[in-house]
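Working notes, structure below.
In my numbering, the protein residues as written are 5 to 70.
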């Protein structure tokens, strides 16, 4: 792989979207504690969805064996 000036992106074209994306990701959590709470809430939501799915699957299997 060679580095032609024609194929390289200017640093600004890479940094601007990265910085903008990081700003969007962190805008909802002003502190590290807030970010931890957000992550914990997301984990809880995923765990709840997994439990609901497991219950639905078990109910579906019970209906098939009857």
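Every residue gets a Cβ at the ideal spot worked out from N, C-alpha and C, and that includes glycine.
Simplified DSSP assignment, three categories, for residue 26: Translated into positions along the chain shown, residue 26 becomes position 22. In this structure, residue 26 counts as helix in the three-state DSSP scheme.
DSSP three-state assignment for residue 12, whether helix, strand or coil: On the chain shown, position 8 is the one that residue 12 refers to. Reduced to three states, the DSSP call for residue 12 is coil.
Inter-residue spacing [alpha-carbon to alpha-carbon] between residue 45 and residue 39: Within the chain shown, the letter at position 41 stands for residue 45. Within the chain shown, the letter at position 35 stands for residue 39. If I take the Cα positions, the gap works out to 10 Å.
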